[in-house]
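Below is one structure, written out as structure tokens; comments come after it.
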Amino acid sequence: MPSFSCLLLFLQGAWAAVIIQVPSSPVQAGPHSNVFLPCHFSLDPPRPINVSALIVKWSLRGRTIIMWHGSISIFRPRGAVLNSQSLQEGNASLCLTDVRGEDAGEYTCSVSHTPDVAEGKVALKIEAPPRLTLGPTEVPLGKPINLTCAASDFYPGRVSVKWLRGSETLKVDSPPAKLEANYHFYAESVLNFIPQISDDGVTFSCHIQHQAAKDPIRKDIELKVQALPRLTLGLTDVELGEPSNFLCVASDFYPGNVSVKWLRGSETLKVDSPPVQEGPDGLFYAESVLEFTPQISDAGVTFSCHIHHQARKDPVSQDFELKVVARPELHMLTRPPGKTFLVAECLVCGFYPQNVTVQWLQNGEPIQGKIYESELVQNPNGTFSTGSVFFPKQGHFAASYTCQVQHEALEAPLEETIPWEPEALGYFGSPMTWLLGSLGHVVGLGMGIGATLMYRRRRAP
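Heads up: the sequence shown is residues -16 to -1, 1 to 445, going by mature numbering (1 follows the signal peptide of the UniProt record, and there is no 0).
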């Protein structure tokens, strides 16, 4: 509430006076606004106000603004309002419309109630203090940033700015002001710097000095320095049915709080808050491990690790497509028991994916003989089996025969070798009979062994 001063002026003896009440402090208004200048009066000794004997005049620097003398007379081009009905109640307050800089000054409210006269002074300042915004508060570690202090809606258009870090002055600035559509001014001051960890939690301040405010207007922020995690995945091909560990590493982040979420497609497998370690540079490091036993149904499925950190609204994530492999097992059989006529069976079972190469070698060299391949068979557990049958040529000298298997799950080819020592020619039946029997054996034995391998994997500790 503004304070008021009272003025008593005696003109006709000691018993008659007009008492004026006006604010003792200046009235403040922004440009192109409407402003109310208070002026109230009363009579002493108290008696009814005779409006017909009343003269009210407002003036600025000797120039009449508005006057009441039985009727209202307005001398201000942009208008003024004096409520004649309120005069009866002792209210001679003035309303100025669309005030501008030239309207500032000391106004005189003069009231004459025949035969008594009194006047009061009301100071008007056309000014508006700035409103401040300061930011951002969250800044990236080690990267150049701009802190912006914006002063808006002030008048007149001159401000000075001081930047502080705690109590340390960083910069003094007098930025240019721009006149806005609302006839107020706008100005920005920018502080350029590279945030360090030592700036985290420190108060940065912008102080604006303007004539509309007795003391500087201040805006503070507590700086939050952040570093986004770098994400790396430690992965290898996984083997069917074997427990595996997937590693997700978050490094070089600040501050030291992260949470980790593992997903299989859109399915959440694990939510983790791993322990965090601080490095010598003040940045943090964390690891999350997903223990997982892959199945055939996981092959080609997208798995992802999501790191949640306050430096970013959305998580940092990395995806990988799971590659599941199963190592083939090799089994060699010979038929019949005799050595002159030999059918060698090579059974390859329980492998995944299905691409496999089976090769016969004689004494370490590609073989010369009849080779028959069985069709690829998919086992109930999703793995594959196949077989190869070899007839050595009669008349060959003693040799060793090797079945060699190459598959992406193997670090080196898988091999098994059998010796062959020819004897006198004997009869063991038609080679085709042995071949058909061997191929059937390959298919049946392959599916059986494949199922057994799956059972082993499932029961393996």
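A virtual CB, placed ideally from N, CA and C, is assigned to each residue, including glycine.
Start and end residues, beta strand (DSSP E) containing residue i
i	result
Leu71	Careful: Leu71 lies outside any beta strand (DSSP E), inside the alpha helix (DSSP H) at Ser68 to Leu71.
Pro376	Phe368 to Pro376
Thr252	Glu251 to Asp256
Val20	For the sequence presented, residue 20 should be read as Phe rather than Val. From DSSP, the beta strand (DSSP E) with Phe20 extends over Val19 to Leu21.
Thr98	That residue, Thr98, is in no beta strand (DSSP E); it is neither H nor E in DSSP.
Val143	Counting along the chain, Val143 falls outside any beta strand (DSSP E), and DSSP gives it neither H nor E.
Asp157	Glu152 to Asp157
Phe304	Val300 to Glu305
Phe268	Phe268 to Phe276
Leu224	Premise fails: Leu224 is in no beta strand (DSSP E) and is neither H nor E.
Val340	Taken as a continuous stretch (DSSP letters only), Val340 belongs to no beta strand (DSSP E), as it is neither H nor E.
Gly243	A quick correction: the sequence has Ser, not Gly, at residue 243. Unbroken beta strand (DSSP E) run through Ser243: Ser243 to Arg248.
Glu357	Gly353 to Glu357
Lys203	Ile201 to Glu206
Tyr385	Ala383 to Gln390
Ala171	Phe169 to Phe177
Arg31	Unbroken run through Arg31: none, as it is neither H nor E.
His292	Thr286 to His292
Pro7	Ala1 to Pro7
Residue i to residue j span [Cα, whole Å]
i	j	result
Ala76	Ser144	39 Å
Ser151	Gly126	23 Å
Pro337	Gln180	51 Å
Ser384	Glu357	20 Å
His290	Val222	21 Å
Asp396	Asn365	Looking at the sequence shown, residue 396 is not Asp but Ala. Roughly 25 Å between the two C-alpha positions.
residue 464	Asp184	Residue 464 lies beyond the stretch modelled for the chain, which goes from -16 to 445, so this question has no answer here.
Thr48	Phe59	6 Å
Leu51	Leu116	The identity of residue 51 in the sequence shown is Met, whereas the question assumes Leu. Going by the C-alpha atoms only, they are around 41 Å apart.
Lys377	Gln346	11 Å
Ala112	Lys198	12 Å
Arg45	Glu172	36 Å
Leu409	Arg319	In this predicted model, Leu409 has a pLDDT of only 43, less than 50, meaning its place in the structure is not dependable enough to derive any value.
Thr132	Thr92	44 Å
Val209	Pro239	8 Å
Pro22	Glu164	30 Å
Gln5	Pro140	29 Å
Trp418	Ile351	Interpretation of Trp418 is limited by its pLDDT of 45, a score under 50 that renders its predicted location unreliable; the figure taken from the coordinates is listed afterwards. Whole-angstrom Cα-Cα distance: 20 Å.
Ser272	Gln294	18 Å
His168	Ser55	36 Å
Ser228	Ile178	43 Å
Gln362	Trp344	23 Å
Arg142	Asp157	11 Å
Val309	Glu251	22 Å
Val373	Ile355	6 Å
His194	Glu122	28 Å
Leu71	Arg31	14 Å
Gly249	Ile280	15 Å
Arg84	Ala211	50 Å
Glu262	Pro159	42 Å
residue 450	Pro7	Outside the displayed range of the chain (-16 to 445) lies residue 450, so it cannot be described from this structure.
Val342	Gln390	7 Å
Residues near residue i by beta carbon distance below 7 Å, same chain, minus five either side
i	result
Asn176	Pro128 and Asn130
Val2	Leu(-8), Phe25, Leu27, Val95, His97, Asp100, Val101 and Ala102
Leu154	Trp147, Leu148 and Leu175
Gly14	Ala112, Tyr139 and His168
Closer than 7 Å to chain D by CB, residue i
i	result
Ser70	You won't find chain D in this structure, because it holds only one protein chain.
Any non-hydrogen atom of the ligand COA closer than 6 Å to residue i Cβ
i	result
Gly119	Here there are no bound small molecules, and the ligand COA is not part of this structure.
6 Å Cβ shell around residue i - same chain, five flanking residues per side excluded
i	result
Lys162	Tyr170
Glu399	Thr386 and Gln388
Leu306	Asp282, Val285 and Phe287
His292	Ser243 and Pro299
Ala270	Ala234, Val242, Pro258 and Val260
His191	Lys146, Pro200 and Arg202
residue 466	No information on residue 466 is available, as it lies outside the stretch -16 to 445 that the chain covers here.
Lys254	Trp246 and Leu274
Phe368	Phe335, Gln338, Leu360 and Gln362
Pro403	Ser384
Nonlocal neighbours in the same chain, by C-beta distance under 8 Å from residue i, ignoring five residues either side
i	result
Ala64	Trp42, Ile49, Ile50, Ile58, Leu78, Cys79, Leu80 and Thr81
Gly89	Leu44, Arg45, Ala107 and Leu108
Report task. Count the CB pairs spanning the region 36 to 48 and the region 79 to 99 that are closer than 8 Å, and state whether there are at least three. Result -> Contact holds: three or more Cβ-Cβ distances are below 8 Å.
Report task. Please determine if the region 329 to 347 and the region 312 to 319 are in contact, where contact requires at least 3 C-beta pairs separated by less than 8 Å. Result -> Judged by Cβ distances under 8 Å, the region 329 to 347 makes contact with the region 312 to 319, as three or more pairs qualify.
Query - Touching by the beta-carbon criterion (3+ pairs, under 8 Å), the region 300 to 307 and the region 212 to 221 - result: Per the Cβ contact rule, the region 300 to 307 is in contact with the region 212 to 221 (3 or more Cβ pairs under 8 Å).
Requested in this report: With a floor of 3 residues, list each beta strand (DSSP E) that falls wholly inside the region 107 to 138, ordered by position along the chain.
Outcome: For the beta strand (DSSP E) assignment, the uninterrupted runs of no fewer than 3 residues enclosed by the region 107 to 138 are, from N- to C-terminal side, 115 to 119, 122 to 124 and 129 to 138.
Query - 4-residue-minimum alpha helix (DSSP H) runs that sit fully inside the region 33 to 86, ordered along the chain - result: List check, alpha helix (DSSP H) in window: 68 to 71.
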